Amino acid sequence: MRIAIWWFASTLLAVPVFAEPPASASIDQVDGRDQTDLERLHELITSGKTDAASVLYAQLIVRSGDRMVGTGSTNGGERFVPLRAALSRQLLTDPAAESVVQEIRRSGDSAANARWAEIMDSQRTPQIDRPALLAEFIRQHPLASAWDDALLAAIDLAISQADSLRADRLIQLALDWNRLQVSVRISDRSAEIAARSILLTLLNGQTEVAKMRFQTFAQQWPDARAPFAGTDGLLLDQLSRLIDAADAWPQQLPTIAGNTVSVETASDVPDWRQQTTLRLLWRHPSPSPFQRTALSLAMDNLIEIGVGESRESPLSVLPTVHQGNVFFHDGLTLRALQLADGRALAWASDDGVIYALPEAGRSEIRPLEAAGVARFSLAVRNERLVARMGNPVSFQANSITGVEIPSRIVELDLAAEGKLAYSPIAPWDDSFAFLGTPVIDGEFAYVALQQSGGVPSLWLAAYAEDRLLWKSQICSGHSYFSARTNEISHRTVTLVDQTLFVCSDTGIIAALDANDGQMLWMHRYVRSEVQPVNLVERPWHSERNLTAPLYHQGRLFVAPADLDGILALDAATGRFLWQTKTPKGTLDAVHLLGATHSLLMASGRRLWWINSATGGPALMIKTDAGQTNPWPTSLMSETSAWGKGVVLGDELLWTVRTDRGDFLQVWDCSLATPLQQISLTDFGVQAGHLLVWEDFLLVASAQELVCFQVLADRTGLDTK
241 MRIAIWWFAS
251 TLLAVPVFAE
261 PPASASIDQV
271 DGRDQTDLER
281 LHELITSGKT
291 DAASVLYAQL
301 IVRSGDRMVG
311 TGSTNGGERF
321 VPLRAALSRQ
331 LLTDPAAESV
341 VQEIRRSGDS
351 AANARWAEIM
361 DSQRTPQIDR
371 PALLAEFIRQ
381 HPLASAWDDA
391 LLAAIDLAIS
401 QADSLRADRL
411 IQLALDWNRL
421 QVSVRISDRS
431 AEIAARSILL
441 TLLNGQTEVA
451 KMRFQTFAQQ
461 WPDARAPFAG
471 TDGLLLDQLS
481 RLIDAADAWP
491 QQLPTIAGNT
501 VSVETASDVP
511 DWRQQTTLRL
521 LWRHPSPSPF
531 QRTALSLAMD
541 NLIEIGVGES
551 RESPLSVLPT
561 VHQGNVFFHD
571 GLTLRALQLA
581 DGRALAWASD
591 DGVIYALPEA
601 GRSEIRPLEA
611 AGVARFSLAV
621 RNERLVARMG
631 NPVSFQANSI
641 TGVEIPSRIV
651 ELDLAAEGKL
661 AYSPIAPWDD
671 SFAFLGTPVI
681 DGEFAYVALQ
691 QSGGVPSLWL
701 AAYAEDRLLW
711 KSQICSGHSY
721 FSARTNEISH
731 RTVTLVDQTL
741 FVCSDTGIIA
751 ALDANDGQML
761 WMHRYVRSEV
771 QPVNLVERPW
781 HSERNLTAPL
791 YHQGRLFVAP
801 ADLDGILALD
811 AATGRFLWQT
821 KTPKGTLDAV
831 HLLGATHSLL
841 MASGRRLWWI
851 NSATGGPALM
861 IKTDAGQTNP
871 WPTSLMSETS
881 AWGKGVVLGD
891 ELLWTVRTDR
901 GDFLQVWDCS
911 LATPLQQISL
921 TDFGVQAGHL
931 LVWEDFLLVA
941 SAQELVCFQV
951 LADRTGLDTK
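When we follow this note's numbering, the leftmost residue of the sequence shown carries the number 241, and every step to the right adds one.
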């Protein structure tokens, strides 16, 4: 029987997933009718038929204004923006369209001005969502006379709310529009916009960049006067005072990988630059509740070691810490333990259970008959604990295979001793499954979903408690494996201020407005030509199911699972910046650990220091054998990273597996030098994901969750 199972599994898995590289996912682009109307619009403008052109423009905007249109291709892919934005830009840059713009403004200004007056009146009503109103006006009335006033108001509001990404996007849009208005100038507000750009740069901690922009400003607008930063006067003087004051402002910390609002980060952490020891406090098993089938067991015998984990025993549990307690789950049961002693919370069961999905159908779940690894993550914010629970299968290629327990979003109120905040949320349709834990911000939660049935489609949705606010389809397309088998996917959405970023792992990166789900831009990258021959022989990059887009100081770093490389985009516009410059097949990085102003740190089997401005190697790592980047130099080295590390200020912690055992390593981020190494094997502990809170170190291995206390070496306390 064993031989028969082996043969069956081998035969199944050896079937090629794709005979050729899969096409990039499809998006809601302008169609043939739109293209015909765009050509007709150009003809009407060229022939001077102003009235007919303005009518056709209005029809296009109403029918297809939110559809995406390409803005040109580069080696890094193609950028898409909504048609209404692209069409307005085209009209403003075409001298022949001046009369058309005037007619559009004449016919639409009355309604636009009335709407603008309503928005101005809304300032007296605190509960009105002014950012959403301004965004709607800017999107719907790009050629209105009041458009530039709305844009400046939106920029000022974004800066006052510390929404730097939205402010940056609006500033770039305003500067772009002012440059484009060569034929029909609404008003020249370039100096005011440039001043806000310098202010935003200062607020982002980029003082030197602000000083360079100030020099350019002084040459172009030495006499410009306008209300700014609470005063009215010479802009040059106001900016000079701000720059002088900024030198005393506290410097920004590096951006830490992962969602900036999903995990509480403690500021009081040990000094890892000093020699430290670990004191083992407690350990708790991490059982898997899912039954293993004969087929999945046979697959384990075939599947090779993954990147930073064993595919036979993956690192599925990703705990989170909140107020000195650690929370974790296994898809069906949520647990909470005290960090100090590992005991269950007072309001939990003896083994720490604070919530369990209903018993019905538990024994029926067979998630491992699928490609991919189950990830059990969760988020805690403002006493709200949110987790994606249930069956981890996200896509069913075989419609006969049912999901006995569909995915659910569960929220617990920690202030009320873990009381269920509301009934678990199910997707709006049975064909959908949640792809990971939502990111939460205030009362809102944002989550990715995938639809089964034919070609899988990726969606984003926003919830206010259990109420669906909006849902937006991103794209439709097959991953490497979804064309042949069920799939387990874990896609985490990245939230920066009020902008959402998601990578489909099917050729698309998208940015959406968190207020209403409107698409801001899309980037279609060229999917890797390196295709898996079968489900066993996967490329390194297909293991990136824990890697959300990482934002830092205007750049968005993305490591797609279908690309043999890492991308950097301008976060405000989606403009391509670079792709990593490494020989094909050598970039084994699967985790984006963190970024500083000049460095991007990534890990897989090895540790990588990448120049965040160019995508090339940033630092040469100093070792006894010489200098290298990455470390170790060889993919076949006896030392291999295990799990996902953490960045703490200027130190990086990760665990490695060697032929001598498992170790915790501490590295200097900025110098790329190892600081210390501590044996985990001496404690009988295996390597895994890391989490640090104050002087506690958590290691989430495949078998258990282990908590250490971090001690200065001079204490002389027992370490076992």
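Glycine is no exception: its CB is placed at the ideal position from the N, C-alpha and C atoms.
Everything numeric in this text was worked out from a predicted model, so none of it was measured.
Beta bridge pairing from DSSP links PHE672 with GLN691. Assignment of PRO371 by DSSP, reduced to helix, strand and coil, places it in the helix class. ASN622 counts as exposed, since fewer than 16 other C-beta atoms from the protein chains shown sit within 10 angstroms of its C-beta. A straight line joining the alpha-carbon of TRP668 with that of GLU727 spans about 20 Å.
In the displayed model, VAL295 falls within a helix according to three-state DSSP.
Across the set LEU281, PHE568, GLY612 and ALA702, the C-alpha of PHE568 shows the shortest separation from the C-alpha of LEU585. DSSP places PRO857 within a strand segment (E or B) once states are collapsed to three. GLY805 is classed as buried because its beta carbon has at least 16 other beta carbons within 10 Å across all chains shown.
When DSSP states are grouped into helix, strand and coil, TRP461 belongs to the coil group. Counting along the chain, HIS282 sits inside the alpha helix (DSSP H) bounded by residues 272-286.
Going by C-alpha positions, VAL742 is about 22 Å away from PRO371. In the three-state scheme derived from DSSP, where H, G and I count as helix and E and B as strand, GLN949 is classed as strand. By the neighbour-count criterion, in which a residue is buried when 16 or more other Cβ atoms sit within 10 angstroms of its Cβ, TYR720 is buried.
Annotation: SER722 to ASP591 spans about 37 Å, alpha carbon to alpha carbon. Here SER287 is exposed, its C-beta having fewer than 16 other C-beta atoms within 10 Å. Under the three-pair Cβ rule at 8 Å, the stretch 438-448 counts as touching the stretch 401-410.
DSSP places GLY317 in the uninterrupted beta strand (DSSP E) bounded by 317-322. A direct Cα-Cα distance of roughly 41 Å separates GLN758 from ALA588. The C-alpha of PRO462 is placed about 34 Å away from the C-alpha of TYR791. One Cα belongs to PHE468, the other to GLY747, and the distance between them is close to 42 Å. Excluding sequence positions up to five before and after GLY901, its CB lies within less than 8 Å of the CB of SER919, LEU920, THR921 and ASP922, all in the same chain and listed in chain order. Residue pairing by DSSP puts LYS711 in a beta bridge opposite ALA701. Cβ atoms of LEU555 and GLY883 come within 8 Å of each other, at about 5 Å. Going by DSSP, GLY348 is part of the alpha helix (DSSP H) stretching over 338-361. In the DSSP assignment, the residues bridged to CYS743 are ILE749. LYS659 carries a strand assignment under DSSP once its states are collapsed to helix, strand and coil.
Nearest to ASP388 by C-alpha distance, out of SER430, GLY272, SER350 and VAL270, is SER430. In the structure shown, the three-state DSSP call for PRO467 is strand.
Cβ atoms of HIS929 and LEU415 stay farther apart than 8 Å, at about 43 Å.
Per the coordinates, the alpha-carbon of GLU358 lies some 38 Å from the alpha-carbon of ILE649. For the pair GLY693 and SER264, the Cα-to-Cα distance works out to about 18 Å. Assignment of LYS884 by DSSP, reduced to helix, strand and coil, places it in the strand class.
For LEU585, the secondary structure class from DSSP, reduced to helix, strand or coil, is coil. Three or more beta-carbon pairs separated by less than 8 Å are not found between the stretch 707-718 and the stretch 728-738, which leaves the two stretches without contact.
The residue among TRP780, ASP810 and GLU769 with its C-alpha nearest the C-alpha of PRO789 is ASP810. Residue pairing by DSSP places GLY901 opposite THR898 in a beta bridge.
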